[in-house]
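I have placed the structure first, in the form of structure tokens, so that the comments after it can refer back to it.
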Amino acid sequence: MTKDIKKKLQEWAKTYHCADFIQNDPVQFPHRYQQKQDIEISGLLTAIMSFGNRKQILKKADELHDCMGTSPYQYVLSRRWEKDFPVEERRSFYRMLSYADFHSYFERLHTAYSDYDSLEDALLVYPGKPMEKLCRFLEVSYKSPQKKLNMFLRWMIRKGSEVDFGIWESFDCRELIIPLDTHVCRVACLLELTETETFSLKNAQRITAALAEVFPDDPCFGDFALFGYGVNNK
3 MTKDIKKKLQ EWAKTYHCAD FIQNDPVQFP HRYQQKQDIE ISGLLTAIMS FGNRKQILKK
63 ADELHDCMGT SPYQYVLSRR WEKDFPVEER RSFYRMLSYA DFHSYFERLH TAYSDYDSLE
123 DALLVYPGKP MEKLCRFLEV SYKSPQKKLN MFLRWMIRKG SEVDFGIWES FDCRELIIPL
183 DTHVCRVACL LELTETETFS LKNAQRITAA LAEVFPDDPC FGDFALFGYG VNNK
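According to this note's numbering, the sequence shown is numbered sequentially starting from 3.
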């Protein structure tokens, strides 16, 4: 990687890694809360919905948070979600995510918080790196790039950030994988951090490794550079 590219990445990351990033991003929803469990629940469910048209994501995430009210944690424990998101309701809540899908997410969260104090603690029983643990908890493949889940993990694990929360102490931000989306792929390819715009775990890991050359202790700081520049320079 050339000095010029490293300099660009450092400058872009500094430009886009700021509180202003929050207002147009799904991360705004967990920022409504102070309690760890509320942030975890809001963060996970918001991240799971973070695909497609941004305006629609924010609209439907707002609707979900209206249901959960002032405390997503109390909402999960109260089981009110059983009525709001019936297990037999296959109708779409957001795109291909049905009411029944959200019932399943709430069920998993209810089980986790019934047995553990936090989602962070619940994940520690699973083997592997952070992404593998979360994928095992949700019973999804950890061999795909899992953009939404890696974004959630970035929110929970990265410290010293105005955007990310850094409330999980058990994980190292050097184990994070960049959330791979169109903007990240396009800009990474343009800068020759990768040779392909393929949406694969291997490519996400390749881009993360390249960013580690610039930000060795916090590779996903580079996410703000690639995503921020990509969104603002389509």
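C-beta: ideal position from N, C-alpha, C; glycine also.
Span separating the alpha-carbon of residue i from that of residue j
i, j, result
"Ile209", "Lys10", "15 Å"
"Tyr77", "Tyr115", "11 Å"
"His33", "Ala214", "27 Å"
"Phe31", "Gly45", "7 Å"
"Glu197", "Asp219", "24 Å"
"Asp27", "Leu60", "8 Å"
"Lys8", "Val216", "6 Å"
"Glu109", "Leu192", "42 Å"
"Lys149", "Val233", "16 Å"
"Glu141", "Phe223", "28 Å"
"Ser100", "Tyr107", "11 Å"
"Asp117", "Met158", "20 Å"
"Thr17", "Leu151", "24 Å"
"Pro147", "Ser202", "5 Å"
Status (buried if at least 16 other CB within 10 Å, exposed otherwise) for residue i
i, result
"Val165", "buried"
"Pro132", "buried"
"Val29", "buried"
"Val189", "buried"
"Pro129", "exposed"
"Arg156", "buried"
"Met3", "exposed"
Expected contact under 8 Å - CB spacing of residue i and residue j to nearest Å
i, j, result
"Phe167", "Ile41", "6 Å"
"Leu126", "Leu136", "Leu126 to Leu136, Cβ: 11 Å. No contact."
"Ala206", "Leu195", "With 8 Å as the limit, Ala206 and Leu195 do not qualify as a contact, their Cβ atoms being about 11 Å apart."
"Lys38", "Ile179", "Wrong, their Cβ atoms sit about 23 Å apart, outside the cutoff."
"His112", "Pro88", "Incorrect: roughly 15 Å between the Cβ atoms, too far for contact."
Below-9 Å beta-carbon distance, residue i vs any chain C residue
i, result
"Arg188", "In the structure shown, chain C cannot be found, because there is only a single protein chain."
Between the region 52 to 66 and the region 93 to 105, do three or more beta carbon pairs fall short of 8 Å? yes
Contact between the region 12 to 24 and the region 41 to 60 is defined here as three or more beta-carbon pairs at a separation below 8 Å; is this criterion met? no
At what residue ranges does the region 47 to 129 contain a whole run of the alpha helix (DSSP H), taking only runs of 4 or more? 56 to 70, 74 to 80, 83 to 86, 101 to 117, 121 to 125
Scan the region 127 to 193 and note each continuous alpha helix (DSSP H) run of 4 residues or more that stays entirely inside, going in chain order. 132 to 140, 149 to 159, 184 to 192
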